[in-house]
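Student: Can you keep this structure in mind? I'll have questions shortly.
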Ligand SMILES: Cc1ncc(C[n+]2csc(CCOP(=O)(O)OP(=O)(O)O)c2C)c(N)n1
Ligand SMILES: Cc1ncc(C[n+]2csc(CCOP(=O)(O)OP(=O)(O)O)c2C)c(N)n1
Ligand SMILES: [Mg+2]
Ligand SMILES: [Mg+2]
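Residue numbers (our numbering), protein chains in the order written: chain A, 30 to 353; chain B, 30 to 353; chain C, -3 to 379; chain D, -3 to 379.
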């Protein structure tokens, strides 16, 4: 397949999943004729019909709740949430129902539902359109969470998410929707919960995911110029987190920086820091450092470049780690 | 005041706050004639009338959302959520509105709203009645979170929460509602966001809060018998967290165990571990260890004693920390 | 201006709303026009069957209360008073229908073949469910108020997608039933369920058991207008039935279910009934309601009413009633025995079936915790 | 059975719902019985004032679009086509009323005295609001669909608690206005707002601007029945008004507001209008809607309609229209200038007013981040 923008790789993945399994259907706001506000479902209603690409009433709890009912009936709904913060009206259905029905029924009931959430900032949007709410879902048991950072992963991971019998939240790095990349249709590569070592290095490990992976690549390149060898890890799976891959890296480098757009306070970085410190206590030359959003509401877009970790802030984190 | 059960100390605090400020009103399900399912508001409707102790329709989002509107009108609503997990239908109003309106209006609008949430397990309840959801609220900027562990604090902290111009979530350790304690009406003691060193010690610091503080006291006593000196800290403030007090303790003891009923994965312990490791990197003799709930749905009550950290599990955590 | 503007509303609020009743509290049949056809299909044996159902589930319920008092259950949510509403609905459904219950649907569970012991297990804290929803076409009990209304609606949308509605094939055409209480109507999720049902013309029957109370709150706390009207502004027409009248409940449920099954779209049935007992065993209704009201409703008891009818208007032999009571005693003994002999589930269950596919953190926690437990066994062994 | 069961509903769905209109698209007055009194109160000057309001906010709107295209705004949500609905409502309210808007209420903002520049600031990304809601008795724009309906209802409950309703004192009795769109009616929060409003008999006027679209979704995706009926099952009566007819909008809004103000309880007003432009500047309506439909509604343009009336039925001089256009040009120039000269707020604002009282973590992050920024300044200084 030619190089695709990340968003269109998801489109292709959705199309493939729908071709493969007639029980797969899409539901969300404006996903039909409009093709979604990010055009990720563009063309799919035309090809699969209104019964499989469903424009839903404007009610997120309703979308998730009815999807659960459709799953009970044997369907595999793939939900599009329009923007990150608009998932909150569905919070209750997600954490008290979707996440728990498999357990409540001792496995008699599967919940093969995927929730696609475009997340993160950097696109100059008004309030509620730039958040990174993955942490709060990761804390609840019963949801698996993944996030691709490139077109190839996007193509495969969406299909793997749909094929999974478990509920999967699929966080899409919206500001990378237009990032083109090769998609190898013949080989998915890693399973969706495995972290990928994007670039090997020896001085410090940098863990990130989703929208900051390209930034991380720039960081590693810039650091290399200054003589610092950064091992860059793309987390891919946010729950479960592939601690083994991080541990192996940190045993080698002795230093770890975690970067994400979500607030540092109780972000995924806190769990990674805590667990890797447990696992690598005698290998760490510095405390695990975190670079991320502030403990403030996401600011107006004129100020968002301050809020979002960028190359400089991540390099600063690396420098601080190296200073120990 | 004579020794009061923790729940009745809250009742007394609510009564005092209502006496002091006519703008304070209570709203929730079954809080009127019934006095709430835990009888925390018992007698208040009789004394303050139906306009100040309001039985609300069964809709948590509605309760929080209308409370926001009442706050805009100058009222100070104190919300009772019936049980921990029933806060999730209100999640959206809490995190996208309540938490953000002060910021959205550049401080022109205050949100002096208190949300009382009985939380935690150990009372033999069915599903949804035993959870500890504090983490997911702590991650969002704009909410302050406190949790008392004894009658004195309950009496004062609820009043301080109500007096605060900021939105406060007040997590009540429901299985300690019946725990009696002296209330000193003349002196609140520490401000509600400061942690308290409940018992001084030198070998290891144990940080906990809410329902596990009494357990922590037992742990410290049991450990003392075995010759281990535990410094017990009652967090009290869950957001902000009083890291200074923890840091001072850990600089002394060199070891830290954090215990909470909430799942370990991305629980408050993860943030405490990450931050204290940053602050005390050269003072820690062992990684910060965490004892808490599993990454599973809260189990049926016949199994909940396994899920809940108890004296043995916390001592096991301390032993592991000491083994480094 | 008020006339034009609020006219309909006011008349709706002022006049007694119409309630379909076919059996008086005294046990006499009254005509009900269009629904009489379904009542006429009921043989005396059918009615005796209903009587038996109601007596047995009431006994299950009494046993639930008793077992809770004895410390065998953590909690019990009594259905006392709602037997006719539930058995009437339950018996009106077909095998291919799918019911989404609350936590109080013991009568519907009975009709869908879920053993009472299984319900007890959940209230005992053995687990959070314990039956296979597909086997019984009866979903798990749902505790978070209103959630299940959306599940039922989604299921009905699935029926629609499958084309299993309005074909005219009575063994194929299916509906889902969304059960909820009067209090639940205030939840956004119930309104969203009405929205989706209306928008997708989904074959879902909304079944509101208005038992007058949501714990301590009378229905007037939730709404100033009758609940059967709730769906109108969503395109979901409603009816109010005497929920203590099993003939009306059955007939109107049959008629409504068939109507929905035929592809006419969603409907809302309000069963006007009364929670004769406490909300749950943790509740104390004397704090908030008048004994006089309880008495008033006692006179409308659904079981007494049907018994009166059977005694007055059929040739049911006296020992029929005695036999039912004996069966109830046997059932009670059986479930008591089953309950007290339930073994605490193995600790591993905490970690089981959180997901279908494995999750490394859960596996790690399982292994660690079991090792931790083993360490006690070992140290005990060492002594 | 269908007759009894679904009768009302069917007739409601089949017949054209009643819509109050007082000014035809051709600019002629038609009688409307009970609302004519309010229309009669309007002098020709008042109507010219309305005209002016509509033209000016339409120009603000055009400027918003243009500034977005020029990269001066991140986004703009046009109100094009909804001028009559908003100005009619806005001018019907009294100073003590309180409006809870969505993100498209530029006409209402205008009436409540919020400067258009302030709205632009928010869409430019300077901040998330930027005005004091109490000063204007106009809450912040709310983006999360439906949330504000609950705020408005709670505010109205507060009015009730204060006794500022139904006293007969027109300067004291207050209402709140809950603005939302057709799409928003599907949100649980809007239904919960109706629930609380009905249950507490709160003086809130629900103001649904049914502009036929929720981004790409026509209203039929949300509901099979007219939206003005939505509140009936909650005890909230409704009316549909021609939202492109400013006389009807004003008169019915006045009548409704006064009715709510008098203590008659909540009401729902559906303004039947049309979103003539894109949903926002990020939207492309050609993907989902017919140009023919746009044309149809263009013929019902609210401003053209009032202009025709003024020209046909009043002695409004021709230069009045020219003057208004000049005023619009001036306004446009002013806000363009204000917009492009807005300075990026200082970075400290990120950390400001998250809370009223300090929060140590935020203080720590502020200090660290400012020090970090300073380190660049220093190192740059060092070069
Ligand atoms: C979201 C949520 N909020 C609160 C509760 C606590 N609660 C359990 S039952 C109940 C009352 C329900 O009343 P109703 O819907 O009338 O059903 P009934 O119990 O009368 O059958 C409440 C408030 C809950 N289970 N879920
Ligand atoms: C909870 C939530 N979900 C989705 C969105 C994205 N969104 C913004 S406007 C809109 C359509 C709203 O339609 P309507 O209520 O008719 O108002 P209109 O835009 O037509 O004025 C949507 C889906 C949102 N802002 N909030
Ligand atoms: Mg009830
Ligand atoms: Mg609209």
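We put the beta carbon where it would ideally sit given N, CA and C, even for glycine.
So which residues on chain B does residue 120 of chain C lean against when the C-beta distance must stay under 9 Å?
Tutor: Near residue 120 of chain C (Cβ distances below 9 Å), the residues of chain B are 329, 330 and 331.
Student: What residue does the beta strand (DSSP E) around residue 354 of chain B start on, and which one ends it?
Tutor: Since the first residue of chain B shown is 30 and the last is 353, residue 354 of chain B is not available in this structure.
Student: What residues in the stretch 17 to 40 of chain D have a beta carbon less than 7 Å from any beta carbon of chain A?
Tutor: Answer set for the stretch 17 to 40 of chain D: empty.
Student: Residue range of the beta strand (DSSP E) that residue 172 of chain D falls in?
Tutor: 172 to 177 is the span of the beta strand (DSSP E), which, as asked, contains residue 172 of chain D.
Student: Would you call residue 75 of chain A buried or exposed, if buried means 16 or more other Cβ atoms sit within 10 Å of its Cβ?
Tutor: By the neighbour-count rule (16 or more Cβ atoms within 10 Å), residue 75 of chain A is not buried but exposed.
Student: Taking only runs of the beta strand (DSSP E) that begin and end inside the stretch 123 to 152 of chain A, which ones reach a length of at least 3 residues, in chain order?
Tutor: Listed in chain order, the complete beta strand (DSSP E) runs (minimum 3 residues) inside the stretch 123 to 152 of chain A are 143 to 148.
Student: So, with DSSP's three-state summary, where would you put residue 127 of chain D?
Tutor: Residue 127 of chain D falls in the coil class under three-state DSSP.
Student: Taking 8 Å as the cut-off, does the CB of residue 98 of chain C come closer than this to any heavy atom belonging to ligand 1?
Tutor: The answer is yes for residue 98 of chain C.
Student: Buried or exposed, going by whether 16 or more other CB atoms sit within 10 Å of the CB of residue 336 of chain D?
Tutor: When all chains shown are included, residue 336 of chain D counts as exposed.
Student: Kindly identify the DSSP beta-bridge partner or partners of residue 270 of chain A.
Tutor: Paired residues: none, contrary to the question.
Student: Who does residue 209 of chain B pair with in a DSSP beta bridge?
Tutor: According to DSSP, residue 209 of chain B bridges with B/34.
Student: Counting only beta-carbon separations shorter than 9 Å, does residue 166 of chain B have a partner in chain C?
Tutor: Cβ-Cβ to chain C under 9 Å: no for residue 166 of chain B.
Student: By a C-beta neighbour count over all protein chains shown, 10 Å radius and 16 as the cutoff for buried, is residue 381 of chain D buried or exposed?
Tutor: With chain D covering -3 to 379 only, the question about residue 381 of chain D has no answer from this structure.
Student: By Cβ distance, which residues of its chain are closer than 7 Å to residue 179 of chain D, with the 5 residues on each side in sequence left out?
Tutor: For residue 179 of chain D, where only same-chain residues beyond five positions count, the Cβ hits under 7 Å are 141, 210, 213 and 218.
Student: Is it buried or exposed for residue 228 of chain D, if we count other Cβ within 10 angstroms and need 16 for buried?
Tutor: Buried.
Student: Where does the unbroken alpha helix (DSSP H) through residue 294 of chain C begin, and where does it stop?
Tutor: Start and end: 287 to 294.
Student: Run the CB neighbour count on residue 166 of chain D, radius 10 Å, all protein chains shown included, and call it buried at 16 or more, exposed below.
Tutor: Exposed, because fewer than 16 other Cβ atoms sit within 10 Å of the Cβ of residue 166 of chain D.
Student: Answer yes or no: does any C-beta atom of chain D fall closer than 9 Å to that of residue 308 of chain A?
Tutor: So no, residue 308 of chain A is outside the interface.
Student: Check the DSSP bridge columns for residue 265 of chain D and list the partner residues they point to.
Tutor: Its beta-bridge partners are D/203 and D/235.
Student: How long is the line joining the alpha carbons of residue 129 of chain B and residue 326 of chain A, rounded to whole angstroms?
Tutor: Going by the C-alpha atoms only, they are around 7 Å apart.
Student: Cβ of residue 210 of chain C versus every heavy atom of ligand 3: is any distance shorter than 8 Å?
Tutor: Yes, the beta carbon of residue 210 of chain C sits closer than 8 Å to at least one heavy atom of ligand 3.
Student: Could one say the Cβ of residue 193 of chain A lies closer than 9 Å to chain B's Cβ atoms, at least one of them?
Tutor: Closer than 9 Å: no.
Student: Please work out which residues of its chain come closer than 8 Å, Cβ to Cβ, to residue 303 of chain C, disregarding the five sequence neighbours upstream and downstream, and give them in chain order.
Tutor: Closer than 8 Å at the Cβ level, and outside the excluded window around residue 303 of chain C, lie 23, 47 and 317.
Student: Under 7 Å between beta-carbons, which chain A residues line up against residue 343 of chain D? List them in chain order, please.
Tutor: The answer, in chain order, is 332 and 335.
Student: State yes or no: is the C-beta of residue 87 of chain B nearer than 8 Å to some heavy atom of ligand 1?
Tutor: It does: the Cβ of residue 87 of chain B is within 8 Å (strictly closer) of some heavy atom of ligand 1.
Student: Does ligand 1 have a heavy atom nearer than 8 Å to the CB of residue 275 of chain C?
Tutor: Checking every heavy atom of ligand 1 against the Cβ of residue 275 of chain C, one is found closer than 8 Å.
Student: Who does residue 242 of chain B pair with in a DSSP beta bridge?
Tutor: Note: residue 242 of chain B sits in no beta bridge, so no partner.
Student: Quick one: grab the DSSP three-state call for residue 3 of chain C.
Tutor: With a pLDDT of 41 at residue 3 of chain C, under the threshold of 50, the modelled position of this residue cannot be trusted; read the value that follows with caution. Correct three-state label for residue 3 of chain C: helix.
Student: Indicate whether at least one CB of chain C lies closer than 9 Å to the CB of residue 132 of chain D.
Tutor: So no, residue 132 of chain D is outside the interface.
Student: With distances taken Cα to Cα, identify the nearest neighbour of residue 319 of chain D among D/305, D/171, D/49 and D/368.
Tutor: Answer by Cα proximity: D/49.
Student: Taking 8 Å as the threshold, find out whether the stretch 69 to 89 of chain C comes into contact with the stretch 336 to 352 of chain C through three or more Cβ pairs.
Tutor: Output reads no: the stretch 336 to 352 of chain C does not touch the stretch 69 to 89 of chain C.
Student: Roughly how many angstroms separate the alpha carbons of residue 368 of chain C and residue 170 of chain A, rounded to a whole number?
Tutor: The straight-line gap from Cα to Cα measures roughly 22 Å.
Student: Quick check: what's the CA-CA separation for residue 351 of chain D versus residue 54 of chain B?
Tutor: Answer to the nearest angstrom: the Cα atoms are 22 Å apart.
Student: CA-CA distance, residue 173 of chain A and residue 198 of chain A?
Tutor: One C-alpha to the other measures close to 6 Å.
Student: Excluding sequence positions up to five away, which residues of its chain have a Cβ less than 8 Å from the Cβ of residue 96 of chain D?
Tutor: Hits under 8 Å: 135, 138, 144, 145, 147, 148, 151, 172, 173, 174 and 175.
Student: Would you verify that the beta carbon of residue 91 of chain A is, or is not, closer than 9 Å to some beta carbon of chain C?
Tutor: Output row for residue 91 of chain A: interface = yes.
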